[in-house]
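Just so you know, the sequence shown maps onto residues 1 to 254 in the UniProt record's numbering.
Cβ coordinates follow ideal geometry from the N, Cα and C atoms, glycine included.
Here the structure comes first, spelled out in structure tokens, and everything after it is commentary.
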Amino acid sequence: MPFDILTIPCREDNYAFLIHDGSRTALVDAPEAAPILAALEQKGWTLDEVWLTHHHFDHVDGLPALRSAFPDLQVTGCKADADRLPPLDRAVSDGDTFQFGGADVHVMDVSGHTINHIAFHMPSQQAVFTADSLMALGCGRVFEGTMPQMWQSLCKLRDLPDDTIVYSGHEYTSNNADFALTIEPDNQALQARVDEVRDKRARGEATVPSTLRDERATNPFLRAHLQPVKDALSMQKAEDADVFAEIRSRKDRF
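As structure tokens, then:
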């Protein structure tokens, strides 16, 4: 049975996600407590688990208040990053699988934005929670890792099934869309998606989640291996990772 997955706006532009299997509830990242607590109260759900993607404050700051509200909360995070995360009840590593509501949750190392950034992939729910690795029409800045490392992380995510829903961590899509047009202005799928994004934002609607199918067709950071993108950047014979690095560097200056 499909789980309920709620997108919770937090802070100025963050998202958290509640996953409910009919009896238990998990949360992906804890940017701030108030909107998460409000959503739980509205639904009549009790929070049982929190899954942390990485250590940045805007993904963990709400955890103390959530622990106070739910003392039996189980917190999951990356074992290799335990010294930078809040105290963990379950420490996981790349390739690990744990269960939630009878569904497998696969842990993926997607380092680049930070070292030891992880994503959570739930194949049975056609869902992947990517936080600041793969984003709608974008990807996170490469703060701690290297450009080749980030490219490899994005390739892992790109290779998931087409119908995977991407639950990413920020509402950056409008700016990402404007930038994407500077890379592939003639991409008709991108043009249509940009119009959709602008319409949604004009109505105050979230552009997250998105589908991996759409990301493959329109997200320049997933398309660095394609010859038309290399041609557009005059990098016809460049390595894929170098093309990605050029796109990411241009976005950093955009």
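CB of Ser174 within 9 Å of CB of Thr218, strictly: It is not a contact, given that the beta carbons lie outside the stated cut-off.
Own chain residues within Cβ distance below 8 Å of Pro87, not counting five before or after: Excluding five sequence positions before and after Pro87, the CB atoms of its chain that fall closer than 8 Å to its own CB belong to Val75, given in chain order.
Ala245 versus Leu85: straight-line alpha-carbon distance, rounded: Rounded to the nearest angstrom, the two C-alpha atoms are 28 Å apart.
Which listed residue (Val92, Ala241 and His20) has its alpha carbon closest to that of Asp4: Of the listed residues, the one whose Cα sits closest to Asp4 is His20.
Segment contact, 8 Å Cβ cut-off, at least three pairs: the segment 223-237 with the segment 193-204: In the pairwise beta carbon analysis, the segment 223-237 is classified as not touching the segment 193-204: fewer than three pairs are separated by under 8 Å.
Bounding residues of the alpha helix (DSSP H) (the contiguous stretch that carries Asn175): Counting along the chain, the alpha helix (DSSP H) containing Asn175 begins and ends at Thr173 to Ile183.
CA nearest to the CA of residue 260, picked from Met135, Lys230 and Val60: This structure gives no information on residue 260, because the portion of the chain shown stretches from 1 to 254.
Inter-residue spacing [alpha-carbon to alpha-carbon] between Ser124 and Thr25: Ser124 and Thr25: Cα-Cα distance of roughly 16 Å.
Test item: CB-CB of Cys155 and Asn116 under 9 Å: Going by C-beta atoms, Cys155 is not nearer than 9 Å to Asn116.
The segment 143-155 / the segment 180-194 touching (three or more Cβ pairs under 8 Å): Touching, no.
Minimum length 4: unbroken alpha helix (DSSP H) runs contained in the UniProt domain "Metallo-beta-lactamase" (13-170): Segments of the alpha helix (DSSP H) lying fully in the UniProt domain "Metallo-beta-lactamase" (13-170): 33-43, 57-60, 63-69 and 147-158.
Own chain, CB closer than 7 Å to Glu32, minus 5 neighbours either side, in chain order: Excluding positions up to five away in sequence, the list reads Cys10, Arg11, Asp61 and Gly62.
Same chain, Cβ closer than 6 Å to Ala82, neighbours up to 5 away in sequence not counted: Contacts found: Leu88 and Ala91.
DSSP state of Asp4 mapped onto helix, strand, coil: Of the three classes helix, strand and coil, the one that applies to Asp4 here is strand, per DSSP.
Residues bridged to Thr211 (per DSSP): Thr211 pairs with Ile165.
Inter-residue Cα distance where the pair is Ser133 and Pro71: For Ser133 and Pro71, the distance between alpha carbons rounds to 30 Å.
Endpoints, the alpha helix (DSSP H) within which Leu190 is located: Residues Gln188 to Ala202.
Thr146 to Ala16 span [Cα, whole Å]: Roughly 26 Å separates the two Cα atoms.
6 Å CB neighbourhood of Met150 in its chain, flanking five on each side removed: Excluding five sequence positions before and after Met150, the CB atoms of its chain that fall closer than 6 Å to its own CB belong to Gly112 and Val142, given in chain order.
Buried versus exposed call for Arg253 [16 or more other C-beta atoms within 10 Å across all chains shown]: Under this definition Arg253 is an exposed residue.
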